[in-house]
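Engineer: Basically the working numbering = 1-based index in the sequence shown + 187. Quick reminder that beta carbons are idealized off the backbone N, C-alpha and C, glycines included.
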Amino acid sequence: MENFKVRNTIEEDFVDIADLGEKCSPMAIERNSIYHIFTKYFKSTSFVAELGSGEIVGFLLGFISQENPEEAYMHLLCVDPKIRNMGIGRALVDQFFEAASLKGCKKVYLITKPINWKSISFYRNLGFEEDKSGNTINIMGTTAIKNYNGLGEHMVVFFKPTK
Ligand SMILES: CC(C)(COP(=O)(O)OP(=O)(O)OC[C@H]1O[C@@H](n2cnc3c(N)ncnc32)[C@H](O)[C@@H]1OP(=O)(O)O)[C@@H](O)C(=O)NCCC(=O)NCCS
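1. Does the count of Cβ pairs from the region 257-270 and the region 285-299 closer than 8 Å reach three?
2. Taking Y296 as part of the beta strand (DSSP E), name the residues at either end of that continuous run.
3. Please classify V193 as buried or exposed, where buried requires at least 16 other C-beta atoms within 10 Å of its C-beta.
4. Alpha carbon to alpha carbon, how far is L207 from E217?
5. Does the separation of the CB atoms of F315 and F346 fall below 8 Å?
6. Can you check DSSP and say which residues form a bridge with G249?
7. Could you tell me which of T226, I326, C292, N312 sits nearest to S252, measuring between CA atoms?
8. Could you tell me the boundaries of the alpha helix (DSSP H) in which S288 lies?
9. Considering just the uninterrupted stretch of the alpha helix (DSSP H) at K227, what are its terminal residues?
10. Using only the heavy atoms of ligand 1, determine whether one of them is closer than 7 Å to the beta carbon of P301.
11. Please go through the same chain and pick out, in chain order, the residues whose beta-carbon is closer than 8 Å to the beta-carbon of F309, but skip the five residues on each side of it.
12. L247: buried (16+ other C-beta within 10 angstroms of its C-beta) or exposed?
13. Based on DSSP bridge pairs, tell me the residues matched to N195.
14. Does ligand 1 have even one heavy atom less than 7 Å from the beta-carbon of N190?
Following this line, the structure appears as structure tokens:
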């Protein structure tokens, strides 16, 4: 496999990120303005994986909570389907943890859809735990938070300490 490097986003990356985001079902597709906000205003906690050719083959967009600076949140993570299972997802998550930890964060959160069993396996494999507090519902062996994103939109909330 060709080597890749993980780097912080630059503002212009949002165009390539938006294109790649189209290939990341069942992850949600955002409006371009959302990708742009991350690459511009959250670049120290947003990353791309880039091949030697300059092609962007993965991204992780995240931020530090303003309400609780000890918590960080990974909003979107995607690796190009043609190059999955080669460690790019893990490398992006590792880089996010390093950045969050340097900024004093103690815990990282994310949410995923209960039907996205591939991402659920991926995050469990990386040591994330499901949040089982509050109003939960069991969906195919996974604990989700009931109506997390509105009526009927149950979501799995994962967390992991930074150390
Ligand atoms: C989830 C996703 C980011 C994983 O990226 P990836 O580059 O293929 O993952 P990696 O190669 O870094 O895998 C890291 C580890 O997870 C494991 N893993 C990856 N995909 C897995 C799967 N579908 N089931 C079980 N384990 C999996 C790998 O075996 C690897 O384990 P190891 O390091 O112990 O060998 C990628 O599949 C993706 O983009 N999915 C679509 C978008 C999405 O659902 N994003 C997450 C929701 S926000």
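Structural biologist: Taking the structure as given:
1. The answer is yes - the region 285-299 touches the region 257-270, with three or more Cβ pairs under 8 Å.
2. From DSSP, the beta strand (DSSP E) with Y296 extends over 294-299.
3. V193 comes out buried.
4. Looking at the two C-alpha atoms, the distance is approximately 11 Å.
5. Against a cut-off of 8 Å, the Cβ pair of F346 and F315 comes out as a contact.
6. Bridge partners of G249: M261.
7. The shortest C-alpha separation from S252 is found at C292.
8. 275-289 is the span of the alpha helix (DSSP H), which, as asked, contains S288.
9. It spans 219-228 - the alpha helix (DSSP H) in which K227 sits, taken as one unbroken run.
10. Within 7 Å of the C-beta of P301 there is not a single heavy atom belonging to ligand 1.
11. Cβ neighbours of F309 beyond the five flanking positions: G276.
12. Result: buried.
13. As DSSP reads the structure, N195 sits in a beta bridge with F234.
14. No, ligand 1 has no heavy atom inside 7 Å of this Cβ.
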